[in-house]
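Using this note's numbering, the letters of the sequence shown map in sequence onto residues 2 to 186.
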Amino acid sequence: MRPLSPRERRLVAVGVLVGAIGAGWLLVVGPIVGGFQARDDERQAILERHERNQRLLAGVSALRETRVQQRRSGAAFRITAPNPSMAAEALKQKLVTRLGEAGGTVTAAQEVKNDVPNGWVSVRADATMTLTQFNTCLRGIENEAPYVVIDYASINADEAFRTGRSGPLLIRLQISALHAVPASR
Numbered sequence: 002m003r004p005l006s007p008r009e010r011r012l013v014a015v016g017v018l019v020g021a022i023g024a025g026w027l028l029v030v031g032p033i034v035g036g037f038q039a040r041d042d043e044r045q046a047i048l049e050r051h052e053r054n055q056r057l058l059a060g061v062s063a064l065r066e067t068r069v070q071q072r073r074s075g076a077a078f079r080i081t082a083p084n085p086s087m088a089a090e091a092l093k094q095k096l097v098t099r100l101g102e103a104g105g106t107v108t109a110a111q112e113v114k115n116d117v118p119n120g121w122v123s124v125r126a127d128a129t130m131t132l133t134q135f136n137t138c139l140r141g142i143e144n145e146a147p148y149v150v151i152d153y154a155s156i157n158a159d160e161a162f163r164t165g166r167s168g169p170l171l172i173r174l175q176i177s178a179l180h181a182v183p184a185s186r
C-alpha cells in the first residue's frame, strides 16, 4: 500500500471530522434536542388538557341546572302506571283517542310485545282516515304529554290508486313510551 498524498490525507481527515461530528450529533446533541421536543409536546398536551378541564368545570353549573330541569320535566316523557299492562292500556287509549279526535275510524288497537326495550311499552292501531286527519293526529300525538316515540307509520292508499282520486287511507301507527312505576308513599 502506498502512502497517502497530502490531499488524500486532508480528505480522510475531513471525512473523519464529519463522521465524528455526525456521531456526536447522534449521540449527544440529538437526544438533548429530542428531549426538548418531547417535553414541549408533553407541555402542549398538558395545556390542552388543562383548557379542556377548565371548560368542563365552567359548564358544571349549567349541567346541574339542566339535570334539575330534566328531573322536573321527566314525568312528561313517561307513562306512570303500577304495571306494564296498565301503562300499555293507557298508551293504547291515548292513541285511539287521538285517532278518533282527528276524525279517523279505528279498526284495531293492540299492545305490541315483540322487540320492545325493557322498561318501555308499545301499542299499535289500524285506522281509516284522510291525509289531513292523519297529519292532525300526528301533531296531537307529538305535542301532548306524555311524549311518545312514533316507531312505525304505514300508509296504504290502494283505493286512491284504483279509483284515480283521493280517498281514505289505511293507516297503521305504532307508538312507544317509557314506563315508570309510581313512587310509593
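Ideal Cβ placement from N, Cα and C applies to all residues, glycine included.
- Between residue 148 and residue 78 the beta-carbon gap is near 5 Å, inside 8 Å, which marks them as a contact.
- A direct Cα-Cα distance of roughly 52 Å separates residue 16 from residue 53.
- In the DSSP assignment, residue 153 is bridged to 175.
- In this structure, DSSP gives residue 63 a helical state, which the three-state scheme calls helix.
- CA-to-CA, the gap between residue 34 and residue 2 works out to about 43 Å.
- The way I'd put it, the stretch 88–95 doesn't touch the stretch 58–76; fewer than three beta-carbon pairs between them come closer than 8 Å.
- Around the CB of residue 37, fewer than 16 other CB atoms lie within 10 Å, so the residue is classed as exposed.
- Restricting attention to 32, 128 and 13, the CA atom closest to the CA of residue 100 is found in 128.
- Of 123, 130 and 136, the smallest CA-CA separation from residue 150 is found for 123.
- Unbroken alpha helix (DSSP H) runs of no fewer than 4 residues, entirely contained in the stretch 84–164, are found at 85–102, 132–143 and 159–164, following chain order.
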